[in-house]
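Here is the structure we will look at.
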Amino acid sequence: MQKSCVLVFLWFSFFCLSSASTKPNVLFILVDDLGARDLSNEGSTFYETPNIDRIAKEGMKFTRGYATCQVCSPSRASILTGKYPTNHGITEYIGGPVGVHHRKRGRYDSHLPPEYERNLKASEITLAEAMQDAGYKTFFAGKWHLGGKGSWPTDHGFDINQGGWDVGGPRGGFFSPYTNPNLNSGPKGESLTLRLGQETAKFIEKHKDQPFLAYLSFYTVHAPIQTTQALWKKYRDKAEKTGLIQNKERFLFDRRLNVRQAQDCPVYAGMIESLDKSIGIVLQKLKELGLGKDTIICFTSDNGGVSSGDAYATSNLPLRGGKGRQWEGGIREPFYIKAPGVIKDGSTSSTPVSGIDWYPTLLELCNITSPQERAIDGVSLVPLLQGEKIKARPLFWHYPHYGNQGGEPSSIIMEGNWKLIHYHEDGRDELYNLLEDVGEQNELSSSESTRAKQMRVRLDQWLGQTNAIFPTKDPAFDASKRSVRWKQIKTQQKAGLEKQHSRFLSPNYKPNKHWWGSSVD
120 MQKSCVLVFL
130 WFSFFCLSSA
140 STKPNVLFIL
150 VDDLGARDLS
160 NEGSTFYETP
170 NIDRIAKEGM
180 KFTRGYATCQ
190 VCSPSRASIL
200 TGKYPTNHGI
210 TEYIGGPVGV
220 HHRKRGRYDS
230 HLPPEYERNL
240 KASEITLAEA
250 MQDAGYKTFF
260 AGKWHLGGKG
270 SWPTDHGFDI
280 NQGGWDVGGP
290 RGGFFSPYTN
300 PNLNSGPKGE
310 SLTLRLGQET
320 AKFIEKHKDQ
330 PFLAYLSFYT
340 VHAPIQTTQA
350 LWKKYRDKAE
360 KTGLIQNKER
370 FLFDRRLNVR
380 QAQDCPVYAG
390 MIESLDKSIG
400 IVLQKLKELG
410 LGKDTIICFT
420 SDNGGVSSGD
430 AYATSNLPLR
440 GGKGRQWEGG
450 IREPFYIKAP
460 GVIKDGSTSS
470 TPVSGIDWYP
480 TLLELCNITS
490 PQERAIDGVS
500 LVPLLQGEKI
510 KARPLFWHYP
520 HYGNQGGEPS
530 SIIMEGNWKL
540 IHYHEDGRDE
550 LYNLLEDVGE
560 QNELSSSEST
570 RAKQMRVRLD
580 QWLGQTNAIF
590 PTKDPAFDAS
600 KRSVRWKQIK
610 TQQKAGLEKQ
620 HSRFLSPNYK
630 PNKHWWGSSV
640 D
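Residue numbers for the sequence shown follow the numbering used here, beginning at 120 and rising by one.
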């Protein structure tokens, strides 16, 4: 009886929140390259994220939230369209080479990656466009990376764009002056991360009397890793005090690249704190304006934390791998929804959910009918928010490219706790039971051969239904050259990484005179 009363109350609250006369505002926070273990509430004891943790605590935390791809552009397009990358066509980060141009990377890979869409299609009806049509004022701040001029945020439903354009990283670094055609530089040394939070807070204040979508899409914590001297010192001292500074070996070679095994980089920790502070600025503005009960807050990342390649900045353990890779560290993300009146504070869900689900979930929460002329792959998570269930379904991934972080061309099907990875280079399959082996160390395709074959059939059917495209064999492939490269990575590169990351913790560390421009004499 008590449970029934609670459900009735939640349904009534949801109806009130979503009624046409009281459209809820939406704050969508998307972080670049944030790992599943990069937050205090997700188990990190080194990084500090009180503001982000509050979103998780006051809403629903999905313990198995996933991006739709292990790299950025595909998963970003999926959030805005509700579609898998195979259906919107952006299967690689925009700018990644294809065909024979891939050889210029000097990796001696066995296959040539296929072509992909280089712009978010104008025919897509994005989340912003659907909300704009329903009377919402729409705002975008930060990283876009979904096409060049003509395919920027204002071409896809956002009324205002602060900083979104072609590129995937912060040209010029994280401190003003910026190299960004859509964001004026602030005073020298100004933090880009804090600036984006401030711009979002200004937008909210200006449009507080009408329903709004504020889409805050950070460039951080993408490379280059940069912070202030004060934040570096704070976390350098913390590493020493907690014994992390004694780490003798931080990297382990796994398959194709070295992988970071410890969270002890003080530069990266400083970036995490700036991220959290920026989000705190926006949350405080909502509180000041009395909009807390009228605003849905979403928080997630576009792919896993960078444990290999790029800046080798963080560790995702116990998850295997990270950004660019096919294992859980590359695709599992923080995934939080705070919807006042709909969700009981401190709720959690272990149901696997995906980036394709943001679109239908937010439209339902805002009482907006999903565009009928556009089929989407995601499902609304509102039943889960209300303590109910959604129909069991498989989740899929298809990445026919080579990640800069050691990822291999592969496709994935996940059914409950079972995950099958199919590799396009040699046709092999890997099967893991994530409930018993979240670190994907115990491969079960032989002992669970019937299950593996059945899952492979369903994966192949999905790939055919979505007209997936695949890499092709490179006739110039030389396996001996690849072996020599991998040996060099395991030895010389590993030694260089160990030295570099140990140096970050040296009491005399100073990257340059002005700490990447954050300190100006």
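Every residue gets a Cβ at the ideal spot worked out from N, C-alpha and C, and that includes glycine.
With a CB to CB cut of under 6 Å and the five nearest residues on each side skipped, what residues in its chain are close to Phe181?
Looking up residue 181 in the sequence shown gives position 62. Phe454, Ser468 and Val472.
Are Pro502 and Gly201 closer than 8 Å when you measure CB to CB?
Start at 1 with the first residue of the sequence shown, and residue 502 comes out as number 383. Start at 1 with the first residue of the sequence shown, and residue 201 comes out as number 82. Cβ atoms of Pro502 and Gly201: not closer than 8 Å.
Tell me, to the nearest whole angstrom, how far the beta carbon of Phe418 is from that of Ile148; I am working on the premise that it is less than 8 Å.
Within the sequence shown, the letter at position 299 stands for residue 418. Within the sequence shown, the letter at position 29 stands for residue 148. By a beta-carbon distance limit of 8 Å, Phe418 contacts Ile148. Their separation comes to about 5 Å.
Assuming His275 contacts Ala247 (C-beta within less than 8 Å), just tell me the rounded distance between them.
Counting from one through the sequence shown, the residue named residue 275 turns up at place 156. Counting from one through the sequence shown, the residue named residue 247 turns up at place 128. Confirmed, Cβ separation roughly 6 Å.
Might you give, ordered along the chain, the residues of its own chain that have their beta carbon closer than 6 Å to the beta carbon of Leu199, omitting 5 neighbours on each side?
Looking up residue 199 in the sequence shown gives position 80. Spatial neighbours of Leu199 in its own chain (CB-CB distance under 6 Å, excluding positions within 5 residues in sequence) are listed in chain order as Thr245 and Leu246.
8 Å CB neighbourhood of Tyr628 in its chain, flanking five on each side removed
What you label residue 628 is simply residue 509 of the sequence shown in a count that begins at 1. Counting only Cβ-Cβ distances below 8 Å, and skipping sequence neighbours, we find Trp351, Arg355 and Arg622.
Which one of Thr347, Leu363 and Asn536 has the shortest CA to CA distance from Leu313?
For the purposes of this step, residue 313 is identified with residue 194 of the sequence shown, where counting begins at 1. Among Thr347, Leu363 and Asn536, the Cα nearest to that of Leu313 belongs to Thr347.
Could you check the C-alpha separation between Leu624 and Ser420 for me, to the nearest Å?
The residue given as residue 624 occupies position 505 in the sequence shown. The residue given as residue 420 occupies position 301 in the sequence shown. Approximately 27 Å between the Cα atoms of the pair.
By the 10 Å Cβ neighbour count, where 16 or more other Cβ atoms means buried, how is Lys412 classified, buried or exposed?
For this step, residue 412 is matched to residue 293 along the sequence shown. The residue in question, Lys412, is exposed, as its Cβ has fewer than 16 Cβ neighbours within 10 Å.
Return the chain-ordered ranges of every beta strand (DSSP E) run that is complete within the stretch 514-598 and spans a minimum of 3 residues.
514-518, 529-534, 537-542 and 548-552
Could you tell me which of Leu410, Phe293, Met574 and Gly636 sits nearest to Thr339, measuring between CA atoms?
On the sequence shown, position 220 is the one that residue 339 refers to. Considering only alpha carbons, the answer is Phe293.
Can you give me the Cβ contacts of Ile540 inside the same chain, cut-off strictly under 6 Å, excluding the 5 residues immediately before and after it?
Taking the sequence shown and counting its residues from 1, one reaches residue 540 at position 421. Result list for Ile540: Gln445, Ser529, Ile531 and Glu549, in chain order.
Just to confirm my understanding: we take Pro232, look at its own chain, exclude 5 residues before and 5 after, and list those with CB closer than 8 Å. What are they?
Numbered from its first residue, the sequence shown carries residue 232 at position 113. Within the same chain, Pro232 has close Cβ partners Glu211, Gly215, Pro216, Val217, Gly218, His221, Pro519, His520, Tyr521, Pro528 and Pro590.
With a Cβ-Cβ cutoff of 8 Å, do Gly497 and Asp476 count as a contact?
Working through the sequence shown from its first residue, we reach residue 497 at position 378. Working through the sequence shown from its first residue, we reach residue 476 at position 357. Yes; because the gap between Cβ atoms is below 8 Å, this pair is in contact.
What would DSSP say about Asp383, mapped onto helix, strand or coil?
Residue mapping note: residue 383 aligns to position 264 of the sequence shown, counting from 1. Three-state result, Asp383: coil.
Lys327 lies in the alpha helix (DSSP H); which residues open and close that run?
For this step, residue 327 is matched to residue 208 along the sequence shown. Counting along the chain, Lys327 falls outside any alpha helix (DSSP H), and DSSP gives it neither H nor E.
So who's on the other strand from Gln281, going by DSSP bridges?
In the sequence shown, residue 281 corresponds to position 162, counting from 1. Looking at the DSSP assignment, Gln281 forms a beta bridge with Ala260.
Tell me the rounded alpha-carbon separation between Lys321 and Thr488.
For the purposes of this step, residue 321 is taken as the residue at position 202 of the sequence shown. For the purposes of this step, residue 488 is taken as the residue at position 369 of the sequence shown. If you take the alpha carbons of Lys321 and Thr488, they lie about 29 Å apart.
Taking the alpha carbon of Ala430 as the reference point, which residue from Thr361, Gln345 and Leu315 has its own alpha carbon closest?
In the sequence shown, residue 430 corresponds to position 311, counting from 1. Out of Thr361, Gln345 and Leu315, Gln345 has the C-alpha closest to the C-alpha of Ala430.
Can you tell me the Cα-Cα spacing of Ser637 and Lys357, whole angstroms?
Stepping through the sequence shown from its first residue, residue 637 is reached at position 518. Stepping through the sequence shown from its first residue, residue 357 is reached at position 238. The alpha-carbon atoms of Ser637 and Lys357 are separated by roughly 21 Å.
If I follow the unbroken alpha helix (DSSP H) through Cys191, where does it start and stop?
Within the sequence shown, residue 191 is the residue found at index 72, counting from 1. Here the alpha helix (DSSP H) through Cys191 covers Cys191 to Thr200.
Do you know offhand how far His620's Cα is from Leu153's?
Position 501 of the sequence shown holds residue 620. Position 34 of the sequence shown holds residue 153. Roughly 19 Å separates the two Cα atoms.
Count the other CB atoms within 10 Å of the CB of Arg290; is the residue buried (16 or more) or exposed (fewer)?
By 1-based counting over the sequence shown, the position of residue 290 is 171. That one is exposed.
Specify, as a first and last residue, the run of the alpha helix (DSSP H) that Leu246 falls within.
Position 127 of the sequence shown, counted from the first residue, corresponds to residue 246. Under the DSSP assignment, Leu246 falls in the alpha helix (DSSP H) whose first and last residues are Leu246 to Asp252.
Helix, strand or coil for Ser469, going by three-state DSSP, please let me know.
Counted from its first residue, the sequence shown places residue 469 at position 350. Annotated three-state conformation of Ser469 is coil, per DSSP.
For the candidate residues Gly424, Ser336 and Lys360, whose alpha-carbon lies nearest to that of Val401?
Counting from one through the sequence shown, the residue named residue 401 turns up at place 282. The option with the nearest alpha carbon to Val401 is Ser336.
In the DSSP assignment, find the alpha helix (DSSP H) that holds Val419 and state where it starts and stops.
Position 300 of the sequence shown, counting from 1, holds the residue named residue 419. The sequence shown places Thr at residue 419, not Val. Counting along the chain, Thr419 falls outside any alpha helix (DSSP H), though it belongs to the beta strand (DSSP E) covering Thr414 to Ser420.
For the beta strand (DSSP E) holding Val150, just list the boundary residues, first then last.
For the purposes of this step, residue 150 is identified with residue 31 of the sequence shown, where counting begins at 1. Here the beta strand (DSSP E) through Val150 covers Asn144 to Val150.
Going by CA-CA distance only, name the one from Lys325, Met250 and Val386 that's closest to Glu167.
Sequence index remark: in the sequence shown, residue 167 carries index 48 (1-based). Selection Lys325, Met250 and Val386 evaluated against Glu167 yields Val386 as nearest (Cα-Cα).
Completely contained alpha helix (DSSP H) runs for the stretch 155-185, where each covers 4 or more residues:
169-177
Determine which residues share a DSSP beta bridge with Asp373 and list them.
Within the sequence shown, numbered from 1, the residue matching residue 373 stands at position 254. In the DSSP output, where bridge partners are listed per residue, Asp373 has Leu376.
Considering only C-alpha positions, which residue in the set Val557, Gly269, Ile415 and Ala587 is nearest to Tyr334?
By one-based count along the sequence shown, residue 334 stands at place 215. Taking only the C-alpha atoms, the option nearest Tyr334 is Ile415.
To the nearest angstrom, report how far apart Asp597 and Arg224 are at their CA atoms.
Start at 1 with the first residue of the sequence shown, and residue 597 comes out as number 478. Start at 1 with the first residue of the sequence shown, and residue 224 comes out as number 105. Computed Cα separation, rounded: 14 Å.
Given 7 Å as the limit, tell me if Val286 has its C-beta closer than that to any heavy atom belonging to the ligand ATP.
This structure does not include the ligand ATP; it has no bound ligands of any sort.
Where does Gly269 land, buried or exposed, given buried means 16+ other C-beta within 10 angstroms?
Your numbering for residue 269 matches position 150 in the sequence shown. Gly269 comes out exposed.
Of the choices Met250, Trp271 and Thr298, whose alpha-carbon is the least far from that of Pro330?
Against the sequence shown, residue 330 aligns to sequence position 211. Taking only the C-alpha atoms, the option nearest Pro330 is Met250.
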